[in-house]
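Structure first, commentary second.
2 protein chains.
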Amino acid sequence: MRTFLECLPCMMQQALRAGRMATDDDIKVKKILDEVGALIKDIPMDSTPAESGALVYGKIREITGVIDPYKKIKEASIKEAQSLYPELKKAVTDSDNPLLTAIRIAIAGNVIDFGMSKKFSLVEDVQKILKQDFAIKDFDDFETQLKNARSVLYLGDNAGESVFDKILIEELGKPVTYVVREIPVINDVVYQDAIDSGLDEVAEIISSGTTAPGTILDLCTDDFVEIFNQADMVISKGQGNYEGLSNVDRSVFFLLKAKCPVIADDIGVKEDDIILKYKG
Amino acid sequence: MRTFLECLPCMMQQALRAGRMATDDDIKVKKILDEVGALIKDIPMDSTPAESGALVYGKIREITGVIDPYKKIKEASIKEAQSLYPELKKAVTDSDNPLLTAIRIAIAGNVIDFGMSKKFSLVEDVQKILKQDFAIKDFDDFETQLKNARSVLYLGDNAGESVFDKILIEELGKPVTYVVREIPVINDVVYQDAIDSGLDEVAEIISSGTTAPGTILDLCTDDFVEIFNQADMVISKGQGNYEGLSNVDRSVFFLLKAKCPVIADDIGVKEDDIILKYKG
Chain S
102 MRTFLECLPC MMQQALRAGR MATDDDIKVK KILDEVGALI KDIPMDSTPA ESGALVYGKI
162 REITGVIDPY KKIKEASIKE AQSLYPELKK AVTDSDNPLL TAIRIAIAGN VIDFGMSKKF
222 SLVEDVQKIL KQDFAIKDFD DFETQLKNAR SVLYLGDNAG ESVFDKILIE ELGKPVTYVV
282 REIPVINDVV YQDAIDSGLD EVAEIISSGT TAPGTILDLC TDDFVEIFNQ ADMVISKGQG
342 NYEGLSNVDR SVFFLLKAKC PVIADDIGVK EDDIILKYKG
Chain F
102 MRTFLECLPC MMQQALRAGR MATDDDIKVK KILDEVGALI KDIPMDSTPA ESGALVYGKI
162 REITGVIDPY KKIKEASIKE AQSLYPELKK AVTDSDNPLL TAIRIAIAGN VIDFGMSKKF
222 SLVEDVQKIL KQDFAIKDFD DFETQLKNAR SVLYLGDNAG ESVFDKILIE ELGKPVTYVV
282 REIPVINDVV YQDAIDSGLD EVAEIISSGT TAPGTILDLC TDDFVEIFNQ ADMVISKGQG
342 NYEGLSNVDR SVFFLLKAKC PVIADDIGVK EDDIILKYKG
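For the record, the sequence lines run as chains S and F. All letters in the first sequence, in the order written, are residues 102 to 381 by the working numbering. All letters in the second sequence, in the order written, are residues 102 to 381 by the working numbering.
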């Protein structure tokens with residue numbers, strides 16, 4: 102997905118929010134905004150928003166020296182998600198269609214996104230999404246491809262959401278490789294967050310090598326790109342991964358909640374819709 | 102009021118919104134965002150947001166060549182407000198306290214603000230504000246100063262709101278000078294809008310000389326500053342005028358709805374509160 106004009110003010114908002122998360126020093130936050138403002142003119146509109154995100158969050162690291170501004174928030178999100186785990190596991194077990202319910206739960210976890218200005222309440226949002234109709238529901242394709250896959254490559258998105266991913270991975274019944282970001286960016290899941298979420302119990306955890314808040318293949322390691330291209334089935338969680346992979350030359354299942362109007366528009370759905378989209 | 106860090110991403114949003122209003126050419130809008138982004142670093146945090154607003158809207162004029170992007174919107178706002186005029190005049194006449202009701206109506210008109218991302222519905226918002234409690238209600242001071250004033254200087258804010266201002270001016274019972282911006286900026290009231298609102302029937306209309314979306318004395322003409330300093334009573338409508346005048350060295354009555362969290366915070370009220378504030 103390309104960058105839209107709406108993404109540019111949004112980058113400034115993200116810079117402010119994340120800058121404030123990293124430091125109490127308003128002088129430093131102003132410097133972040135100055136520098137992000139100045140780089141707007143260099144953003145190519147045919148690049149993905151997540152690529153610019155890598156620049157924005159890089160500036161925050163550079164100016165504040167804080168590597169992981171969202172560390173405490175990520176830990177709290179994982180803890181909160183884990184407190185819901187038993188109840189959600191039961192919802193899957195009790196369901197007529199455990200796989201579809203687990204998909205819903207994995208999408209529900211996608212509300213845990215601190216890159217957005219939108220507020221969320223995990224417990225309430227999960228309850229809502231468990232009953233919400235899908236705007237796109239390519240479940241038959243999902244079932245078919247899963248049945249034929251020897252293994253699944255699962256691209257994680259946010260920390261906390263990762264606990265809900267575990268629930269879906271447990272229903273897939275195939276060997277799974279779970280992909281995390283190389284370094285902290287927003288509240289995206291990194292290796293340690295995946296371990297804290299218990300994903301090492303159900304999947305092999307690897308890094309895509311990216312510093313962007315999304316899977317942008319140009320910014321990933323060659324090793325990862327090869328794994329990605331050769332995977333039997335790819336499950337991509339969230340907006341950032343969608344941004345990077347919406348036009349790649351292979352099949353991908355996108356599981357996400359459309360939290361931003363620009364992404365909703367690009368997918369052809371409405372804001373707050375939930376999506377299980379097959380890109381062949 | 103000084104500029105807060107939150108104002109900087111907001112300027113980018115305003116640039117996008119107003120740029121889109123001025124042109125369908127995305128290349129030009131991108132150029133506006135590039136240039137506004139680049140000038141963030143030069144914004145002194147001790148200047149008012151309205152001063153930076155003058156720069157932002159100046160860029161839009163310069164890049165698009167469009168002098169008044171909100172012209173049609175302003176005309177529609179005035180028309181809609183005029184359609185409510187008879188009903189609101191009756192509300193004043195029927196009221197136990199016509200002056201206070203007219204103040205409420207003038208504040209209700211302050212929702213017509215296209216500088217904000219917040220959406221509004223004039224009819225519904227007016228009905229709501231007519232029943233809403235004031236967060237600050239310095240009505241006694243207002244009545245006393247009005248009684249003793251030979252004349253009133255009334256600083257207009259938005260076009261459309263200007264029709265509601267007429268209702269308050271009719272209740273003041275004193276000679277009124279109504280102040281407009283020198284050139285179009287956002288949907289702020291300029292001379293022709295004031296005429297279209299029928300303000301020439303109840304007041305003398307003058308320009309402050311400013312190109313900012315607010316009364317920033319440093320950007321006003323010397324003639325206006327003299328009129329301002331010597332006025333018996335000053336009524337200031339809206340956020341932009343508050344930004345410019347919150348710290349000036351004379352008494353002012355601020356009538357506004359706090360539509361932005363930063364301004365609400367500066368005044369010490371909550372977002373969406375309505376305010377009749379006396380600054381002595």
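In this text, a Cβ means the ideal position worked out from N, Cα and C, and glycines have one as well.
* Quick one: using the 10 Å Cβ neighbour count with 16 as the cut-off for buried, is residue 342 of chain S buried or exposed? => Translated into positions along the first sequence, residue 342 of chain S becomes position 241. Buried is the call here.
* Asked: Per DSSP, residue 243 of chain F is paired with what?
  -> In the second sequence, counting from the first residue as 1, residue 243 of chain F sits at position 142. Beta-bridge pairing links residue 243 of chain F to no other residue.
* Mind reading off the beta-carbon distance from residue 288 of chain S to residue 215 of chain S? Whole number of angstroms is fine, and I expect it under 8 Å. => Locating residue 288 of chain S in the first sequence gives position 187, where the first residue counts as 1. Locating residue 215 of chain S in the first sequence gives position 114, where the first residue counts as 1. Confirmed, Cβ separation roughly 4 Å.
* Asked: Any C-beta of chain F sitting closer than 8 Å to the C-beta of residue 125 of chain S?
  -> Indexing the first sequence from 1 puts residue 125 of chain S at position 24. False, the Cβ-Cβ gap to chain F never drops below 8 Å.
* **Any beta strand (DSSP E) of 3 or more consecutive residues that is wholly inside the segment 264-352 of chain F** => 277-281, 305-308, 334-338
* Proximity of residue 207 of chain F and residue 231 of chain F at Cβ, strictly below 8 Å -> Your numbering for residue 207 of chain F matches position 106 in the second sequence. Your numbering for residue 231 of chain F matches position 130 in the second sequence. Not a contact, by the Cβ cut-off of 8 Å.
* Which residue comes first and which comes last in the beta strand (DSSP E) that contains residue 253 of chain S? -> As a working mapping, residue 253 of chain S is identified with position 152 in the first sequence. 253-256 is the extent of the beta strand (DSSP E) around residue 253 of chain S.
* Under 8 Å Cβ-Cβ, which residues of chain S neighbour residue 107 of chain F? -> Taking the first residue of the second sequence as 1, we reach residue 107 of chain F at position 6. What residue 107 of chain F touches in chain S: 117.
* Considering residue 379 of chain S, what are the terminal residues of the beta strand (DSSP E) in which it resides? -> Counting from one through the first sequence, the residue named residue 379 of chain S turns up at place 278. Where residue 379 of chain S is concerned, the enclosing beta strand (DSSP E) stretches over 375-380.
* Provide the residue span of the beta strand (DSSP E) that contains residue 237 of chain F, from first to last. => Working through the second sequence from its first residue, we reach residue 237 of chain F at position 136. Its beta strand (DSSP E) spans residues 235-238.
* Asked: Would residue 352 of chain F pass as a contact of residue 381 of chain F if the rule is Cβ separation under 8 Å?
  -> The residue labelled residue 352 of chain F in the question sits at position 251 within the second sequence. The residue labelled residue 381 of chain F in the question sits at position 280 within the second sequence. Yes; because the gap between Cβ atoms is below 8 Å, this pair is in contact.
* Those runs of the alpha helix (DSSP H) which lie wholly inside the segment 179-215 of chain F and span at least 4 residues -> 199-209
* My guess is that residue 127 of chain F and residue 106 of chain S are in contact by the Cβ rule of under 8 Å, so how many angstroms apart are they, rounded? -> As a working mapping, residue 127 of chain F is identified with position 26 in the second sequence. As a working mapping, residue 106 of chain S is identified with position 5 in the first sequence. So it is a contact: roughly 6 Å between Cβ atoms.
* At a Cβ threshold of 8 Å, is residue 161 of chain S touching chain F? -> On the first sequence, residue 161 of chain S is found 60 positions in, with the first residue counted as 1. No, its Cβ sits nowhere closer than 8 Å to a Cβ of chain F.
* Asked: When the Cα atoms are used, what is the spatial distance from residue 346 of chain S to residue 379 of chain S?
  -> Working through the first sequence from its first residue, we reach residue 346 of chain S at position 245. Working through the first sequence from its first residue, we reach residue 379 of chain S at position 278. Spanning the two alpha carbons is a distance of roughly 12 Å.
* Counting Cβ pairs, one atom from each stretch, are 3 or more of them under 8 Å apart for the segment 178-185 of chain F and the segment 302-311 of chain F? -> no
* Cα-Cα separation between residue 331 of chain F and residue 236 of chain F, rounded to whole angstroms -> Stepping through the second sequence from its first residue, residue 331 of chain F is reached at position 230. Stepping through the second sequence from its first residue, residue 236 of chain F is reached at position 135. Computed Cα separation, rounded: 29 Å.
* Measure the Cβ-Cβ separation of residue 247 of chain S and residue 275 of chain S and say whether it is below 8 Å. => What you label residue 247 of chain S is simply residue 146 of the first sequence in a count that begins at 1. What you label residue 275 of chain S is simply residue 174 of the first sequence in a count that begins at 1. Yes, these two residues count as a Cβ contact at 8 Å.
* To do: Taking residue 139 of chain F as the query, report the chain S residues whose CB atoms sit under 8 Å from its CB, ordered along the chain.
  => On the second sequence, position 38 is the one that residue 139 of chain F refers to. Within chain S, the residues near residue 139 of chain F are 138, 139, 141, 142.
* Asked: With distances taken between CB atoms, is the gap from residue 267 of chain S to residue 218 of chain S smaller than 8 Å?
  -> Within the first sequence, the letter at position 166 stands for residue 267 of chain S. Within the first sequence, the letter at position 117 stands for residue 218 of chain S. No, these two residues do not count as a Cβ contact at 8 Å.
* To do: Compute the distance between the beta-carbons of residue 114 of chain F and residue 150 of chain S, then report whether it is under 8 Å.
  => Locating residue 114 of chain F in the second sequence gives position 13, where the first residue counts as 1. Locating residue 150 of chain S in the first sequence gives position 49, where the first residue counts as 1. Taking 8 Å as the Cβ cut-off, residue 114 of chain F and residue 150 of chain S do not qualify as a contacting pair.
* residue 256 of chain S: contacting residues in chain F (beta-carbon distance under 7 Å) -> Translated into the one-based positions of the first sequence, residue 256 of chain S becomes position 155. The premise fails here: residue 256 of chain S is roughly 29 Å from chain F at the closest Cβ pair, so nothing lies under 7 Å.
* Asked: Taking 8 Å as the CB-CB limit, is residue 130 of chain F close to chain S?
  -> Indexing the second sequence from 1 puts residue 130 of chain F at position 29. So yes, residue 130 of chain F belongs to the interface.
* Look at the alpha carbon of residue 152 of chain F and the alpha carbon of residue 240 of chain S, and state the distance between them as a whole number of angstroms. => Walking along the second sequence from the start, residue 152 of chain F turns up at place 51. Walking along the first sequence from the start, residue 240 of chain S turns up at place 139. Near 54 Å, if we compare the C-alpha coordinates of residue 240 of chain S and residue 152 of chain F.
* Asked: Taking the C-alpha atoms as reference points, what is the distance between residue 162 of chain S and residue 168 of chain S?
  -> Looking up residue 162 of chain S in the first sequence gives position 61. Looking up residue 168 of chain S in the first sequence gives position 67. Spanning the two alpha carbons is a distance of roughly 5 Å.
* Does residue 146 of chain F get closer than 8 Å to chain S when you measure Cβ to Cβ? -> The sequence position of residue 146 of chain F within the second sequence is 45, counting from 1. So yes, residue 146 of chain F belongs to the interface.
* Does any residue of chain S bring its CB to less than 8 Å from the CB of residue 135 of chain F? -> The sequence position of residue 135 of chain F within the second sequence is 34, counting from 1. Answer yes: the Cβ-Cβ gap between residue 135 of chain F and chain S drops below 8 Å somewhere.
* Asked: In three-state DSSP terms, what is residue 371 of chain S?
  -> As a working note, residue 371 of chain S is residue 270 in the first sequence. Residue 371 of chain S: coil per DSSP, three-state reduction.
* In DSSP terms, what residue 354 of chain S is bridged to -> As a position in the first sequence, residue 354 of chain S is number 253, starting the count at 1. In the DSSP output, where bridge partners are listed per residue, residue 354 of chain S has S/336, S/379.
* Based on the DSSP output, what are the partners of residue 259 of chain S in its beta bridges? -> Reading the first sequence from its first residue, position 158 is the one you call residue 259 of chain S. For residue 259 of chain S, which the question treats as bridged, DSSP gives the partners S/289.
* **Interface positions of the segment 231-246 of chain S facing chain F (Cβ-Cβ less than 9 Å), listed along the chain** => none
* Asked: For residue 110 of chain F, which residues in chain S fall below 7 Å Cβ to Cβ?
  -> In the second sequence, counting from the first residue as 1, residue 110 of chain F sits at position 9. Result: 110, 113, 114, 117.
* Asked: When you compare only the Cα positions, how much space is there between residue 295 of chain F and residue 210 of chain F?
  -> As a working mapping, residue 295 of chain F is identified with position 194 in the second sequence. As a working mapping, residue 210 of chain F is identified with position 109 in the second sequence. Near 14 Å, if we compare the C-alpha coordinates of residue 210 of chain F and residue 295 of chain F.
* **Cutoff 7 Å; reference residue 321 of chain F; Cβ partners in own chain excluding five residues on either side** => In the second sequence, residue 321 of chain F corresponds to position 220, counting from 1. Only 309, 310, 311 meet the Cβ criterion.
* Report the option in F/205, F/259, F/148, F/138 whose CA atom is closest to the CA atom of residue 238 of chain F. => Position 137 of the second sequence, counted from the first residue, corresponds to residue 238 of chain F. With distances taken between Cα atoms, residue 238 of chain F lies closest to F/205.
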